[in-house]
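J.:
Number of protein chains: 2
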Amino acid sequence: MKNEIKIFSPATVANVACGFDVLGFCLDGIGDEMVIRKTDKKGIHITKIEGFDLPYETELNVAGVSALAMYEAAKPDCGFEIEIYKKIKPGSGIGSSAASAVGSVFGMNALLGRPYNKTELTQFAIKGEALASKCEHADNLAPAIFGGFTLVKSVSPLKILEIPSPEDLYATIIHPQIEIKTSEARAILPKDVPLQNAITQWANFGSLIHGLHTSDYDLIQKSLHDVIVEPYRSQLIPYYKEVKKAVLQNGALGAGISGSGPSIFTLSKGFENAQKVKSAMEKVYSETDIAFEIHMARINTEGVKVL
Amino acid sequence: MKNEIKIFSPATVANVACGFDVLGFCLDGIGDEMVIRKTDKKGIHITKIEGFDLPYETELNVAGVSALAMYEAAKPDCGFEIEIYKKIKPGSGIGSSAASAVGSVFGMNALLGRPYNKTELTQFAIKGEALASKCEHADNLAPAIFGGFTLVKSVSPLKILEIPSPEDLYATIIHPQIEIKTSEARAILPKDVPLQNAITQWANFGSLIHGLHTSDYDLIQKSLHDVIVEPYRSQLIPYYKEVKKAVLQNGALGAGISGSGPSIFTLSKGFENAQKVKSAMEKVYSETDIAFEIHMARINTEGVKVL
Numbered sequence: 001m002k003n004e005i006k007i008f009s010p011a012t013v014a015n016v017a018c019g020f021d022v023l024g025f026c027l028d029g030i031g032d033e034m035v036i037r038k039t040d041k042k043g044i045h046i047t048k049i050e051g052f053d054l055p056y057e058t059e060l061n062v063a064g065v066s067a068l069a070m071y072e073a074a075k076p077d078c079g080f081e082i083e084i085y086k087k088i089k090p091g092s093g094i095g096s097s098a099a100s101a102v103g104s105v106f107g108m109n110a111l112l113g114r115p116y117n118k119t120e121l122t123q124f125a126i127k128g129e130a131l132a133s134k135c136e137h138a139d140n141l142a143p144a145i146f147g148g149f150t151l152v153k154s155v156s157p158l159k160i161l162e163i164p165s166p167e168d169l170y171a172t173i174i175h176p177q178i179e180i181k182t183s184e185a186r187a188i189l190p191k192d193v194p195l196q197n198a199i200t201q202w203a204n205f206g207s208l209i210h211g212l213h214t215s216d217y218d219l220i221q222k223s224l225h226d227v228i229v230e231p232y233r234s235q236l237i238p239y240y241k242e243v244k245k246a247v248l249q250n251g252a253l254g255a256g257i258s259g260s261g262p263s264i265f266t267l268s269k270g271f272e273n274a275q276k277v278k279s280a281m282e283k284v285y286s287e288t289d290i291a292f293e294i295h296m297a298r299i300n301t302e303g304v305k306v307l
Numbered sequence: 001m002k003n004e005i006k007i008f009s010p011a012t013v014a015n016v017a018c019g020f021d022v023l024g025f026c027l028d029g030i031g032d033e034m035v036i037r038k039t040d041k042k043g044i045h046i047t048k049i050e051g052f053d054l055p056y057e058t059e060l061n062v063a064g065v066s067a068l069a070m071y072e073a074a075k076p077d078c079g080f081e082i083e084i085y086k087k088i089k090p091g092s093g094i095g096s097s098a099a100s101a102v103g104s105v106f107g108m109n110a111l112l113g114r115p116y117n118k119t120e121l122t123q124f125a126i127k128g129e130a131l132a133s134k135c136e137h138a139d140n141l142a143p144a145i146f147g148g149f150t151l152v153k154s155v156s157p158l159k160i161l162e163i164p165s166p167e168d169l170y171a172t173i174i175h176p177q178i179e180i181k182t183s184e185a186r187a188i189l190p191k192d193v194p195l196q197n198a199i200t201q202w203a204n205f206g207s208l209i210h211g212l213h214t215s216d217y218d219l220i221q222k223s224l225h226d227v228i229v230e231p232y233r234s235q236l237i238p239y240y241k242e243v244k245k246a247v248l249q250n251g252a253l254g255a256g257i258s259g260s261g262p263s264i265f266t267l268s269k270g271f272e273n274a275q276k277v278k279s280a281m282e283k284v285y286s287e288t289d290i291a292f293e294i295h296m297a298r299i300n301t302e303g304v305k306v307l
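So the sequences go chain by chain: A and B. Residue 192 in full-length UniProt numbering is what sits at position 192 of the first sequence, and the numbering runs on without skipping anything. Residue 141 in full-length UniProt numbering is what sits at position 141 of the second sequence, and the numbering runs on without skipping anything.
#1: Using CA atoms only, rank isn't needed, just tell me which of A:79, A:256 and A:47 is closest to residue 93 of chain A.
#2: Measuring CB atoms only, is the stretch 22-41 of chain A touching the stretch 118-135 of chain A, in the sense that at least three cross pairs come out at less than 8 Å?
#3: Would you check if the distance between the CB atom of residue 18 of chain B and the CB atom of residue 143 of chain B is smaller than 7 Å?
#4: Spell out whether any CB of chain A is found under 7 Å from the CB atom of residue 153 of chain B.
#5: Given a cut-off of 7 Å on the beta-carbon distance, is the pair residue 302 of chain B and residue 95 of chain B in contact?
#6: From the beta carbon of residue 194 of chain A, is the nearest beta carbon of chain B less than 7 Å away?
#7: Among A:46, A:78 and A:52, which has the Cα closest to the Cα of residue 65 of chain A?
#8: Could you pull the DSSP bridge partners for residue 298 of chain B from this structure?
#9: In chain B, what lies closer than 8 Å to residue 22 of chain A by C-beta?
#10: Would you check if there are 3 or more beta carbon pairs closer than 8 Å linking the stretch 103-115 of chain B to the stretch 156-174 of chain B?
#11: Taking C-alpha atoms, which residue in A:132, A:198 and A:129 lies nearest to residue 227 of chain B?
#12: How should residue 230 of chain A be labelled, buried or exposed, when 16 other C-beta atoms within 10 angstroms of its C-beta is the threshold for buried?
#13: Report yes or no: is there a C-beta of chain A within less than 7 Å of the C-beta of residue 161 of chain B?
#14: Pick from B:72, B:56, B:42 and B:173: whose alpha carbon is nearest that of residue 88 of chain B?
#15: Per DSSP, which residues does residue 150 of chain A bridge with? Please list them.
#16: Spell out a yes or no on whether the stretch 252-266 of chain A and the stretch 215-225 of chain A are touching, meaning 3 or more CB-CB pairs, one atom from each, closer than 8 Å.
#17: Give me the subset of the UniProt domain "GHMP kinase C-terminal" (209-286) of chain B whose CB atoms are less than 8 Å from a CB atom of chain A, sorted by chain position.
#18: Taking only beta carbons into account, state which residues of the stretch 127-143 of chain B come closer than 9 Å to chain A, listed in chain order.
#19: For the pair the stretch 8-18 of chain A and the stretch 258-267 of chain A, tell me if three or more CB-CB distances fall below 8 Å.
#20: For residue 247 of chain B, which residues from the same chain have a beta carbon less than 7 Å from its beta carbon, with the 5 sequence-adjacent residues on both sides left out?
#21: For the candidate residues B:126, B:273 and B:29, whose alpha-carbon lies nearest to that of residue 97 of chain B?
#22: Which ranges does the alpha helix (DSSP H) cover as unbroken runs of at least 4 residues, wholly within the stretch 35-108 of chain B, from first to last along the chain?
#23: For the structure I just gave you, are there three or more beta carbon pairs, one from the stretch 38-53 of chain A and one from the stretch 72-84 of chain A, closer than 8 Å?
#24: Listed in chain order, which residues of the stretch 175-193 of chain A have Cβ atoms closer than 7 Å to some Cβ of chain B?
#25: Just to confirm, is the Cβ distance from residue 307 of chain B to residue 6 of chain B under 7 Å?
#26: Out of B:150, B:101 and B:272, state which residue places its alpha-carbon closest to the alpha-carbon of residue 161 of chain B.
#27: How far does the alpha helix (DSSP H) with residue 127 of chain B in it extend, from its first residue to its last?
#28: Taking the alpha carbon of residue 116 of chain A as the reference point, which residue from A:67, A:63 and A:249 has its own alpha carbon closest?
#29: Who are residue 266 of chain A's beta bridge partners in DSSP?
#30: From residue 224 of chain A to residue 208 of chain A, what distance separates their C-alpha atoms?
#31: Which residues does DSSP list as the beta-bridge partners of residue 306 of chain B?
#32: Taking the alpha carbon of residue 233 of chain B as the point to measure from, which residue in B:140, B:137, B:186 and B:130 has its own alpha carbon closest?
#33: Count the other C-beta atoms from every protein chain shown that fall within 10 angstroms of the C-beta of residue 20 of chain A, then say buried if there are 16 or more, exposed otherwise.
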């Protein structure tokens, strides 16, 4: 068995419009790299962090905390070193902390001969994610581990469903370089919502699941609406309405807030449409004084992997 | 082309637990019979009603009103006579008015050479259903017309999705012979619901759609929960809790209120389980002084049909 493994841990989009709090998908080509190394020295040690300034203390680092959760359960005869080559900007809304939390447990599991299944890995990673977001949720973890689209039916007990998706689906994501505090994104949500809106939301969500199963792009387009959360949280993202209008006019199937923002995701049928959507986003933000990044990616059906 | 047609218009279950207001399914073997006859005399005339005491005036009869909606759109060179052999008790909560509304338009459409598709037929039938329930909804009409499980994504524009379902799924339904006024069933619903409950509901609903697609009985069981409406409406149905407890203990995948009640539906895997569920229901209600009927049926994947 190998003593060292290099892995790729992907970025993800959670809260997919009508799938708020339960649906997520995995992005191709955007993600962190990590090296996990078995050591004689017991414990979990973070030995290298590149890309962003993150804590080296295991208990304060998302990758460290999820690694510790697995380490305490597995009680292996060895320790682990973790090197983090962080590419996904923390706070961007495309699952930066989830990628960290997933990478360490996926790598350790591989080095230990895969004693844990994907749901169990998610369970460990939740502990790391909770350090970053102050609550136990799996909407970014599940797609990072399983790949594709995932529906987190429930966190306790943890039940994750793998939803098929059409082959020709592309995501284009714009990340305005502003900060939205998770606490603010949470505080802005109402405690109660109109029953009629809730019914609309689950009609859309059920339709989206059906559309993904049947590769019905038209239905996916008709279903990608969020009448519950978007009206509140979109207020925190400058030029949200303008971006959404522009991408829909340019052929996007739909758009929404990625995670709790500030990134805005879109889904398109085919590379060409995704390119047009990219240009449309670019145009809106180029005319502002807000710095931004744009990512374009196929749906990654594999999830976290060994490099 | 024939001048007379005999049709079977099936009973249906709407508001399938977490699918409140959008999901329905069609029952095998339970339904009304109707004869539709082309006449030289113009207009829609109801010439016979057996089974239950319903109005003969076209404008006051559900089957008449939906027939009129189609008649006014099609402007045919003939008239139609309708005979209704009503088997589904009005007010039972298994789509009695929907069966009437569907039967007349389905029969007329067949006699006219099928100018309208199923969605268009539903659109006409909505007018009849509105006479009975004072609002335009299609959750019973859609499964009666399409068969199987249907998701009414939206009423305006009308968008109906056919959801596949496992072969070995049986419904057992108990109809306590009490009256629940639709107005009362509506008035008891809250205007607002907790966001957390709404999220639970759409997680369950999305999971149910996935479970139906994948014939995953375990997931169907885990998804058939209604945290939004059942807590309110179940108060209107005597011994609801007792029935639900008994059927779940006897292997039902789930239970819920059929339509706005008073019928309680259950779903089971296989005939034997459905039989056990039937006995369990029977036992609960036999010990009360409320008269009841029990129906057992496979899912009817065909919908309304020519006999």
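Positions of the beta carbon are idealized from the N, C-alpha and C atoms, including for glycine. Owing to the predicted nature of the structure, the values given are computational and were not obtained by experimental measurement.
T.: Taking the coordinates as given:
#1: Along the first sequence, one-based indexing puts residue 93 of chain A at 93. When only C-alpha atoms are compared, the closest one is A:256.
#2: As far as the Cβ criterion goes, the stretch 22-41 of chain A does not touch the stretch 118-135 of chain A, which means the pair count is below three.
#3: Indexing the second sequence from 1 puts residue 18 of chain B at position 18. Indexing the second sequence from 1 puts residue 143 of chain B at position 143. Result no, Cβ atoms of residue 18 of chain B and residue 143 of chain B do not sit closer than 7 Å.
#4: Here residue 153 of chain B refers to the residue found at position 153 of the second sequence. Yes - at least one Cβ of chain A is within 7 Å of the one on residue 153 of chain B.
#5: Mapped onto the second sequence, residue 302 of chain B falls at position 302. Mapped onto the second sequence, residue 95 of chain B falls at position 95. 7 Å or more divides the Cβ of residue 302 of chain B from the Cβ of residue 95 of chain B.
#6: Working through the first sequence from its first residue, we reach residue 194 of chain A at position 194. Chain B, which has a Cβ nearer than 7 Å to the Cβ of residue 194 of chain A, makes this yes.
#7: Counted from its first residue, the first sequence places residue 65 of chain A at position 65. Answer by Cα proximity: A:46.
#8: For the purposes of this step, residue 298 of chain B is taken as residue 298 along the second sequence, with counting starting at 1. Residue 298 of chain B is bridged to B:170.
#9: Residue 22 of chain A sits at position 22 when you count from the first residue of the first sequence. The contacting residues are 199, 202, 203 and 206.
#10: Flag = no, the stretch 103-115 of chain B and the stretch 156-174 of chain B do not touch.
#11: Here residue 227 of chain B is taken as the residue at index 227 of the second sequence, counted from 1. Comparing Cα-Cα distances from residue 227 of chain B to each of A:132, A:198 and A:129, the minimum goes to A:198.
#12: As a first step, residue 230 of chain A is located in the first sequence; it is residue number 230 there, counting from the start. Buried: at least 16 other Cβ atoms inside 10 Å.
#13: Counting from 1 along the second sequence, the entry for residue 161 of chain B is found at position 161. At least one CB of chain A lies nearer than 7 Å to the CB of residue 161 of chain B.
#14: As a working mapping, residue 88 of chain B is identified with position 88 in the second sequence. Considering only alpha carbons, the answer is B:173.
#15: For this step, residue 150 of chain A is matched to residue 150 along the first sequence. Residue 150 of chain A pairs with A:24 and A:162.
#16: Flag = yes, the stretch 252-266 of chain A and the stretch 215-225 of chain A touch.
#17: Those would be 209, 210, 213, 219, 222, 223 and 228, in chain order.
#18: From the stretch 127-143 of chain B, no residue has a Cβ closer than 9 Å to chain A.
#19: Taking 8 Å as the limit for Cβ pairs, the verdict is that the stretch 258-267 of chain A does touch the stretch 8-18 of chain A.
#20: Here the question's residue 247 of chain B lines up with position 247 in the second sequence. Same-chain partners within the cutoff: 255, 266, 277, 280 and 281.
#21: Here residue 97 of chain B corresponds to residue number 97 of the second sequence, with the count starting at 1. Nearest of B:126, B:273 and B:29 to residue 97 of chain B, Cα basis: B:126.
#22: Segments of the alpha helix (DSSP H) lying fully in the stretch 35-108 of chain B: 62-74.
#23: Because the criterion of three Cβ pairs below 8 Å is met, the stretch 38-53 of chain A and the stretch 72-84 of chain A touch.
#24: When C-beta distances to chain B are compared with 7 Å, the residues of the stretch 175-193 of chain A below that value are 189, 190, 191, 192 and 193, in chain order.
#25: The sequence position of residue 307 of chain B within the second sequence is 307, counting from 1. The sequence position of residue 6 of chain B within the second sequence is 6, counting from 1. Going by C-beta atoms, residue 307 of chain B is nearer than 7 Å to residue 6 of chain B.
#26: As a first step, residue 161 of chain B is located in the second sequence; it is residue number 161 there, counting from the start. Out of B:150, B:101 and B:272, B:150 has the C-alpha closest to the C-alpha of residue 161 of chain B.
#27: Translated into the one-based positions of the second sequence, residue 127 of chain B becomes position 127. Taken as a continuous stretch (DSSP letters only), the alpha helix (DSSP H) holding residue 127 of chain B covers 118-133.
#28: By 1-based counting over the first sequence, the position of residue 116 of chain A is 116. Comparing Cα positions, the closest option is A:67.
#29: For the purposes of this step, residue 266 of chain A is taken as residue 266 along the first sequence, with counting starting at 1. BP columns for residue 266 of chain A point to A:172 and A:255.
#30: Start at 1 with the first residue of the first sequence, and residue 224 of chain A comes out as number 224. Start at 1 with the first residue of the first sequence, and residue 208 of chain A comes out as number 208. The alpha-carbon atoms of residue 224 of chain A and residue 208 of chain A are separated by roughly 7 Å.
#31: Residue mapping note: residue 306 of chain B aligns to position 306 of the second sequence, counting from 1. B:7.
#32: Along the second sequence, read from residue 1 onward, the residue named residue 233 of chain B stands at position 233. With respect to the C-alpha of residue 233 of chain B, the residue from B:140, B:137, B:186 and B:130 having the closest C-alpha is B:186.
#33: Position 20 of the first sequence, counting from 1, holds the residue named residue 20 of chain A. So residue 20 of chain A counts as buried.
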